[in-house]
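Those sequence lines, one after another, are chains G and L. Anchor point for the first sequence: position 170 equals 170 in my numbering, and the numbering is continuous, going up by one each time. Anchor point for the second sequence: position 284 equals 662 in my numbering, and the numbering is continuous, going up by one each time. One structure is given below, encoded as structure tokens.
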Amino acid sequence: MTADTDRMLISLSEEQAMLLDSAREFCRNRSDITSVRALLDSDAGFYREVWQELVSLGWMGVAIGEAHGGSGLGIGSAVPIAECMGRALLSTPFFSATIAAQALVRGGSEQQQDRVLPGIVEGKIATVALLESEDWGDESVALTATVVGDELQLTGAKIHVADAAVADWFVASVSVEGAARLLLIHADALAPAAISAQVLIDETKRSARVDFTGARVPVANLLPGDFDLVIRDLRLIAALLHAAEATGSAFACLDTTVEYLTTRKQFGRLIGSYQALKHPTVEVLCAVEDARSFIYHAASVIGEGPLEQEAEIACRMAKAQASEALKFAGDRAIQFHGAMGFTYECDAQLYIRRAQWLQQAFGDAYHHRKRLAPLLLD
Amino acid sequence: MGASQTELASFRKEVSAWLDENNPGDPGFLLPQTFMEVGSEQQLDFLREWQYRLWSAGYLGVHWPQEYGGRGMDPAFQTVVDRELRRHRTPITFNVIGLGWAGPLILDIGDEEDKARYIKGILSGEDIWCQGFSEPDYGSDLGSVQTRAVRDGDDYVVNGTKIWTTMGNYARYMILLARTNPDAERRYDGLSFFLSPMQVEGIEARPIRKMTGEYGFTETFFTDARIPASCLIGGEGRGWRVAMQTLQYERGAAAGAAGGLAWVQVNIADMIEAVRPLQRDGQPLLEDPVVRDRLVQLMIQERAIGLAERRGAIQPLNSDYPMSLPLSHKLRLSEYQRRMRQYAMELLGAQGGLYVGDEEVVAGGFWQRAYFNNFATTIGGGTSQIQANIIGEQVLGLPKS
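Dropping the structure here:
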């Protein structure tokens, strides 16, 4: 009975409902399509004043405990925020910092938490550096930390480090004497020119290749938590937040398509009256609705401790569904806008590009389904 | 009236214990998975007996009035029973048109005589009811009903043809929608609703053979059939409104229906268990990575449907398109079931080439029939393509096709 109830659980607390409401309004007001486009070729990729505003709304503290200045609502409460940001294509370091904070919440020592988390609540930027190749499923860690006295000397690089250029803190996976660990690294430890921006398919996002070679970090910055457990949960949480962002973006993409189908005329008729366009658009709606059910389901079953199996299943289903839904919505948005859809000026490109970026982020649909199979079938 | 959680919990235990004892086992022949599939006397007798036992035990129409065969309890008790029937995987309660359409309608707008005459037989399964709405040329466009009913003294004389009459050949009564006034300004106003007897000269129910090879529906011909004028319910010219009213009982006991189980739930867990022993390339089928991925995809789709029902009840999570989840439920569920059952057939390998009646067919041909019969749900009640139009227009606001 209990397992069955968990499997279908969706709840929304009063706080979460209010958060959803205010996040929606904030994101809509602060991130109209003109300001999104104005950021596309900027260096930072976000507006500092918008970042400060959302920090002062307390959003960076949602998933951080009261002891460190947060509101302790839990990581599930970051889902409505992430969804609203996705919907408005609002880019800030919210995702990077929220995920990095979870590394400390779940794997950090008390001292490490005291040192970093209050700053994150107040707008200090942190990010995670986990990926070394195209393979999100690669469990090996090549970034090496060699013990020299009470310091670690780093050799190696990470890619797809989100918001690296503005980050104060990095949480990186490193290999220490053959064992994988998480390490807290301050930006000041990096060599000059360590950060080289990558050219991303989604121009609203910022990521970099970060060469940690030469950085020296105190041994005390190693996170004491069990690596395998913490990194698994971190990836699942990151997958969920990106799924929420993808869901929001997919709804916005659908709205863009519907707007065009209800205004554009061809052969004397509004093109939305043609079933060849109408029916696939309904399929997009259903796919996006399913993604929405999964992100709020995952938000409802995810806890503060190590993720239970039901939470793992929920996060993986959410990412699998949301990645596919946004891909489908973006793809059809281009096609249904016709020749207009092939232009840079048409907003459909923003969504198809985001779909491709979010698809790979923290594992694509197949990556997650492959990991669901043993949980569901064996 | 009213029911406390404690009362409901102890009632659930009682029902569950009764079902442990009385749930009939495998009868040795395939039972219908839905009430639209009753195709043989053998099945009919078995289901009739089951419904009778369930009702005699006090577990059908428990919220219907005592004087007509119910127990006058809160509908929540019947909902408990319905859930237990599903959980115990009992056979269906086959008299669905009576239990879920005619019965609640008669209780709502019928007179004393109607209630006394019809309700008990509906619950016991003694009187089978069928439904005469659809017509050959008009599908589910009820406004276009052509069957004529002309008043003649104390009778109406009925002429026309109904189709997709579930159990038309077994039914004693039909809820019949017919045109009494062909000149009405609005075509809906010319319709009237009847509780018509079926054993009348001039009514012929001709079984339709389905693509499964089985029966379940009839085409029902009315040739100068005389039915008593007292069969009219709701008043002349009000047939459309009455028909619409019958549709709202579909939502189960809470909406007034007697309850029971109209179809056997088939889910992917059943499918996985059915194919688990099978082999592919000399290896267990469920170790094939492509099969595993496809099954996980289907499991995601199945869970999404269940989650959508939960989310539908949380208003702030439905602010974009408030009617989206309720209006798309039928489309998602029926199409998902089609895909899942179709894939089951693929996984059966050479077994999928066998059919009901073969000695070695897996589960008596359950999956073969499950797949084929599922088209009743992607076609009946408005095809998936019509559903997509409705969603596109009413939810997304797209222009009419």
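Glycine residues also receive a C-beta, built at the ideal position from the N, C-alpha and C atoms.
In the three-state DSSP reduction, residue 600(L) falls in the strand class (E or B).
Separation of residue 672(L) and residue 650(L) (C-alpha to C-alpha, rounded to the nearest whole angstrom) is 12 Å. For residue 409(L), the closest alpha carbon among the candidates 521(L), 722(L), 461(L), 744(L) is that of 744(L).
Straight-line spacing of the CA atoms in residue 64(G) and residue 339(G) works out to 47 Å.
Put simply, of 417(L), 663(L), 570(L) the residue whose alpha carbon is nearest the alpha carbon of residue 544(L) is 417(L). Sequence-ordered contacts of the stretch 301-322 of chain G with chain L read 317, 320, 321 [C-beta pairs closer than 7 Å]. Within the stretch 509-529 of chain L, no residue places its CB atom closer than 8 Å to a CB of chain G. The beta carbons of residue 609(L) and residue 663(L) sit no closer together than 7 Å. Only those residues of the stretch 682-696 of chain L whose C-beta falls short of 7 Å from the nearest C-beta of chain G are listed: 682, 684, 685, 686, 688, 689, 692, 694, 695. With contacts defined by Cβ atoms closer than 7 Å, residue 126(G) and residue 169(G) form a contacting pair. For the stretch 267-282 of chain G, residues whose beta-carbon sits nearer than 7 Å to a beta-carbon of chain L comprise 270, 272, 273, 275, 278, 279, 281, 282.
Using a Cβ-Cβ cut-off of 7 Å, residue 286(G) is close to 706, 710 of chain L, given in chain order. Residue-level contact by beta carbon fails for residue 18(G) and chain L, as no gap is shorter than 7 Å.
Scanning 308(G), 290(G), 47(G), 256(G) for the CA closest to the CA of residue 695(L) turns up 290(G).
The residues 76, 79, in chain order, have a CB closer than 6 Å to that of residue 299(G) in the same chain once the five nearest residues on each side in sequence are set aside.
A Cβ-Cβ distance of about 4 Å is found for the pair residue 248(G) and residue 83(G), placing them in contact under the 8 Å criterion. In the three-state scheme derived from DSSP, where H, G and I count as helix and E and B as strand, residue 368(G) is classed as helix. Residues of chain L whose Cβ lies closer than 7 Å to the Cβ of residue 369(G) are, in chain order, 671, 674, 675. When the alpha-carbon of residue 22(G) is set against those of 184(G), 54(G), 377(G), the nearest one is in 54(G).
Per the coordinates, the alpha-carbon of residue 252(G) lies some 24 Å from the alpha-carbon of residue 11(G).
Per DSSP, residue 173(G) lies in no alpha helix (DSSP H); the unbroken beta strand (DSSP E) holding it starts and ends at 169-176. With its beta carbon at least 7 Å from every one in chain L, residue 299(G) lies outside the interface. By the Cβ-count criterion, residue 56(G) is exposed, with fewer than 16 other Cβ atoms from all chains shown falling within 10 Å of its own Cβ. Counting C-beta pairs closer than 8 Å gives three or more between the stretch 478-492 of chain L and the stretch 620-630 of chain L, which meets the contact rule. Neighbours of residue 7(G) across chain L, judged by C-beta separation under 8 Å: 681, 684. Between residue 30(G) and residue 50(G), the beta carbon gap of about 5 Å places them in contact (Cβ cut-off 8 Å). Straight through space, the alpha carbons of residue 135(G) and residue 404(L) are spaced by roughly 51 Å.
Between residue 551(L) and residue 498(L), the C-beta spacing is not below 7 Å. Rounded to whole angstroms, residue 74(G) and residue 667(L) show a C-alpha spacing of 36 Å. The Cβ atoms of residue 320(G) and residue 250(G) do not sit closer than 7 Å to each other. With contact defined as three or more Cβ pairs closer than 8 Å, the stretch 352-364 of chain G and the stretch 282-297 of chain G are not in contact. Taking a cut-off of 8 Å on C-beta distances, the stretch 153-168 of chain G touches the stretch 187-202 of chain G, as three or more cross pairs fall below it.
With contacts defined by Cβ atoms closer than 7 Å, residue 510(L) and residue 540(L) form a contacting pair. In the three-state DSSP reduction, residue 441(L) falls in the coil class, being neither helix nor strand. Taking C-beta atoms as the reference points, residue 471(L) and residue 641(L) fail to come closer than 7 Å. For residue 258(G), a Cβ of chain L is located within less than 7 Å of the residue's own Cβ.
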